[in-house]
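Engineer: This structure is in structure tokens; I'll ask about it shortly.
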Amino acid sequence: MTNAITLLRMQKITKRFGASVLANDKIDFDLHAGEVVALLGENGAGKSTLMNILYGLYEPTEGKIEFSGVQTSFRDPAQAIEHGIGMIHQEFMLVEPFTVAENLLMGTTTLPAGAENLNTARQLIREISTEYGLQVDPDARIEDLSVGQRQRVEILKLLFRHAKLLILDEPTAVLTPQETDALFEVLNRLRSNGHAIVIVTHKMHEVMAISDRVAVMRAGQMVATVNTSESTEAELVRLMVGRDLDLSVDRTEPKGRKRALELVQLQVEARVGAKATPPVALVLRHGEVLGIAGVDGNGQTELIETIFGLKEAQSGSITLEGREITNLTTVERRAAGIGYVPPDRRGVGALVTLSIEDNVILGASKEFTQFGLLNRSLARIAADNVIDRFGVKTPDAEFISGNLSGGNLQKLVLGREVSRDPKVLLIEQPTRGLDVGAIELVWGEIIEQRNQGAAVLLASTELEEILALSDRIAVMFEGEIMGIVPRDKATTPILGAMMAGRQLDEVAV
Numbered sequence: 001m002t003n004a005i006t007l008l009r010m011q012k013i014t015k016r017f018g019a020s021v022l023a024n025d026k027i028d029f030d031l032h033a034g035e036v037v038a039l040l041g042e043n044g045a046g047k048s049t050l051m052n053i054l055y056g057l058y059e060p061t062e063g064k065i066e067f068s069g070v071q072t073s074f075r076d077p078a079q080a081i082e083h084g085i086g087m088i089h090q091e092f093m094l095v096e097p098f099t100v101a102e103n104l105l106m107g108t109t110t111l112p113a114g115a116e117n118l119n120t121a122r123q124l125i126r127e128i129s130t131e132y133g134l135q136v137d138p139d140a141r142i143e144d145l146s147v148g149q150r151q152r153v154e155i156l157k158l159l160f161r162h163a164k165l166l167i168l169d170e171p172t173a174v175l176t177p178q179e180t181d182a183l184f185e186v187l188n189r190l191r192s193n194g195h196a197i198v199i200v201t202h203k204m205h206e207v208m209a210i211s212d213r214v215a216v217m218r219a220g221q222m223v224a225t226v227n228t229s230e231s232t233e234a235e236l237v238r239l240m241v242g243r244d245l246d247l248s249v250d251r252t253e254p255k256g257r258k259r260a261l262e263l264v265q266l267q268v269e270a271r272v273g274a275k276a277t278p279p280v281a282l283v284l285r286h287g288e289v290l291g292i293a294g295v296d297g298n299g300q301t302e303l304i305e306t307i308f309g310l311k312e313a314q315s316g317s318i319t320l321e322g323r324e325i326t327n328l329t330t331v332e333r334r335a336a337g338i339g340y341v342p343p344d345r346r347g348v349g350a351l352v353t354l355s356i357e358d359n360v361i362l363g364a365s366k367e368f369t370q371f372g373l374l375n376r377s378l379a380r381i382a383a384d385n386v387i388d389r390f391g392v393k394t395p396d397a398e399f400i401s402g403n404l405s406g407g408n409l410q411k412l413v414l415g416r417e418v419s420r421d422p423k424v425l426l427i428e429q430p431t432r433g434l435d436v437g438a439i440e441l442v443w444g445e446i447i448e449q450r451n452q453g454a455a456v457l458l459a460s461t462e463l464e465e466i467l468a469l470s471d472r473i474a475v476m477f478e479g480e481i482m483g484i485v486p487r488d489k490a491t492t493p494i495l496g497a498m499m500a501g502r503q504l505d506e507v508a509v
């Protein structure tokens, strides 16, 4: 990149929120035409703030920005787009009933010549799509497109508006492995054509696969910028967190592995607007992690909520250690030995207006009651144990849980559930939004529960997580179990094909 044109130069960027929060501290960041830079950092490192400044969502407190050799500042995203900077968020900004062409024309003030005409726009979309291998039909309705296709529409939207610099925030979070490969092919074409790309991600193997350079932030500062080819995953993690991490998994081999949970022809209520799905049959044994892989929104949540009793089973049965629990309430299922860590920790996992202490005893107040009165001493001991064991960063147990960071709130919810020694632990998206340090702790605790004999049902969209933690892996597609693969036979291509709708017997194992 020594001869590449410097497209962007951010110098001494500082951003303060109020008097006490320093989100960015004198950051220098540059980007060249024709390169992909991965931006890494733990939660709260300042990555999002820096990119939001570049995209015009925030104004820097101090510092300057040069783009295409001209010093500038952006008051809002519209101005950033006018200058050739675009951003694709995790939540796509598309109107589902409209066509691709209608979405691209909507709200645009600076169009290529002649694009005001819808027919001209369609032709231009086809040309851009062909040039970059996007394979997007301008007349397709957004609601009929897959997640991967919708993401390509977002990329097309930026190219349609002459973007030179593209910012992608966690671009593979909702993609199958095949869709990720297709995205990287598009990014390679963009790079070859001179575009500059910033990827904000936490997936280290993808950083190594697609980026030319890696910029690492920690505690609001830019601690290093390295050439990807001259670095390793371990070195990048060390730069992010300031220490070595161990994500290896130490499994014991429990004896017997008796049946803990059995689903017999369980008919799960489909999501509103989704087609009816086949009944589910599963057996989960003590001392194992059964992973459920699949792109988000393929029935994992509905299945786990039905097992826990948040949704009513349409038919079939749920058995816990030989006892049918299909008609029990969630309170009764929890008392019978089922723990539940939901994906929405703020909306479902915790009552964010209550203290940490009150959240720890949530749903188990009888254990902390003596003579009809809540024993605050016992509750405080339980809360302090969770805080200490899981490293919840808080002043004390009376701290309001809603003021915790996402990672610390997840530690609280997981700690509450495992502290009750569940027979069956239902977990969905346990590390979503967590940094690598928190992931290390969560993974270790899941395996510890498994090694102690708990039966763990783990649903995650992170294939790396599924492959690392699971003894067996089930794959869901549109509410259907496509098959179950033993861990030693599971590979990314096999699981990816099943995630895209192929049955296990169609895939070589």
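Counting along the sequence shown from 1, when you hit position 244 you're at 244 in UniProt numbering, and nothing is skipped either side. Ideal Cβ positions, reconstructed from N, Cα and C, are used throughout, including at glycine. Remember, it's a predicted structure, so these values are computed and weren't measured experimentally.
Would you call the CB atoms of Gly291 and Leu165 closer than 8 angstroms?
Structural biologist: Walking along the sequence shown from the start, residue 291 turns up at place 291. Walking along the sequence shown from the start, residue 165 turns up at place 165. Cβ distance not < 8 angstroms, so Gly291 and Leu165 don't count as in contact.
Engineer: What does a CB cutoff of less than 6 angstroms around Ile199 pick up in its chain, not counting 5 residues either side in sequence?
Structural biologist: As a working mapping, residue 199 is identified with position 199 in the sequence shown. Its chain contains Ala38, Leu168 as the residues whose beta carbon lies nearer than 6 angstroms to that of Ile199, once the 5 sequence neighbours on both sides are disregarded; these appear in chain order.
Engineer: Which stretch, first to last residue, makes up the alpha helix (DSSP H) that contains Met51?
Structural biologist: As a position in the sequence shown, residue 51 is number 51, starting the count at 1. Note, Met51: alpha helix (DSSP H), 47-54.
Engineer: Once DSSP output is grouped into helix, strand and coil, what is the label at His32?
Structural biologist: To locate residue 32, count along the sequence shown from 1; it is residue 32. His32: strand per DSSP, three-state reduction.
Engineer: With H, G and I counted as helix, E and B as strand and the rest as coil, what does DSSP make of Asn117?
Structural biologist: Residue 117 sits at position 117 when you count from the first residue of the sequence shown. For Asn117, the three-state secondary structure derived from DSSP is coil.
Engineer: Have a look at the DSSP bridge pairing and note the partners of Asp169.
Structural biologist: The sequence position of residue 169 within the sequence shown is 169, counting from 1. Looking at the DSSP assignment, Asp169 forms a beta bridge with Val200.
Engineer: Along the chain, where does the beta strand (DSSP E) containing Ser315 start, and where does it finish?
Structural biologist: For the purposes of this step, residue 315 is taken as the residue at position 315 of the sequence shown. That run of the beta strand (DSSP E) goes 315-320.
Engineer: Beta-carbon within less than 6 angstroms of Arg152's beta-carbon, same chain only, minus the 5 sequence neighbours each way: which residues are those?
Structural biologist: In the sequence shown, residue 152 corresponds to position 152, counting from 1. Result list for Arg152: Leu134, Val136, in chain order.
Engineer: Out of curiosity, what's the CA-to-CA distance linking Val418 and Thr99?
Structural biologist: If you number the sequence shown from 1, residue 418 lands on position 418. If you number the sequence shown from 1, residue 99 lands on position 99. Each residue's Cα considered, the two are about 47 angstroms apart.
Engineer: State the Cα-Cα distance for the pair Ala33 and Gly407, rounded to the nearest angstrom.
Structural biologist: Taking the first residue of the sequence shown as 1, we reach residue 33 at position 33. Taking the first residue of the sequence shown as 1, we reach residue 407 at position 407. Roughly 35 angstroms separates the two Cα atoms.
Engineer: Excluding the five sequence neighbours on either side, which residues of its own chain have a C-beta within less than 6 angstroms of the C-beta of Thr110, listed in chain order?
Structural biologist: Locating residue 110 in the sequence shown gives position 110, counting from the first residue. Residue placement at Thr110 is flagged as unreliable, the pLDDT there being 49, under the threshold of 50; the coordinate-derived value follows with that caveat. Cβ neighbours of Thr110 beyond the five flanking positions: Glu82.
Engineer: Whose C-beta lies closer than 6 angstroms to the C-beta of Met204 among residues of the same chain, with five residues either side of it excluded?
Structural biologist: Within the sequence shown, residue 204 is the residue found at index 204, counting from 1. So the qualifying residues of the chain are Glu233.
Engineer: Tell me whether the stretch 429-445 and the stretch 263-270 touch, counting them as touching only if at least three CB pairs, one residue from each stretch, are closer than 8 angstroms.
Structural biologist: no
Engineer: Over the uninterrupted alpha helix (DSSP H) stretch that includes Pro177, give me the two end residues.
Structural biologist: Locating residue 177 in the sequence shown gives position 177, where the first residue counts as 1. Segment 177-192, the alpha helix (DSSP H) holding Pro177.
Engineer: So what does DSSP say about Leu159, is it helix, strand or coil?
Structural biologist: On the sequence shown, residue 159 is found 159 positions in, with the first residue counted as 1. Three-state result, Leu159: helix.
Engineer: Hey, how far is the Cα of Ala459 from the Cα of Gln449?
Structural biologist: Locating residue 459 in the sequence shown gives position 459, counting from the first residue. Locating residue 449 in the sequence shown gives position 449, counting from the first residue. Using only the alpha carbons, I get a separation of about 16 angstroms.
Engineer: Note down, in chain order, each residue of its chain lying with its Cβ closer than 6 angstroms to the Cβ of Ala468, except the 5 sequence neighbours on either side.
Structural biologist: Taking the first residue of the sequence shown as position 1, residue 468 is located at position 468. Within the same chain, Ala468 has close Cβ partners Val249.
Engineer: Could you check where the beta strand (DSSP E) with Glu480 kicks off and where it finishes?
Structural biologist: Along the sequence shown, one-based indexing puts residue 480 at 480. From DSSP, the beta strand (DSSP E) with Glu480 extends over 480-486.
Engineer: By how many angstroms is the C-alpha of Leu22 removed from the C-alpha of Asp30?
Structural biologist: To locate residue 30, count along the sequence shown from 1; it is residue 30. To locate residue 22, count along the sequence shown from 1; it is residue 22. Approximately 21 angstroms between the Cα atoms of the pair.
Engineer: Which whole runs of the alpha helix (DSSP H) in the stretch 401-470 are 4 residues long or more, in chain order?
Structural biologist: 406-418, 436-451, 463-469
Engineer: In whole angstroms, what is the alpha-carbon distance linking Val226 and Thr461?
Structural biologist: Here residue 226 refers to the residue found at position 226 of the sequence shown. Here residue 461 refers to the residue found at position 461 of the sequence shown. Cα to Cα, the separation comes out at about 29 angstroms.
Engineer: Work out the CA separation of Phe368 and Leu378 for me, nearest whole Å.
Structural biologist: The residue labelled residue 378 in the question sits at position 378 within the sequence shown. The residue labelled residue 368 in the question sits at position 368 within the sequence shown. Straight-line Cα distance between these residues: approximately 6 angstroms.
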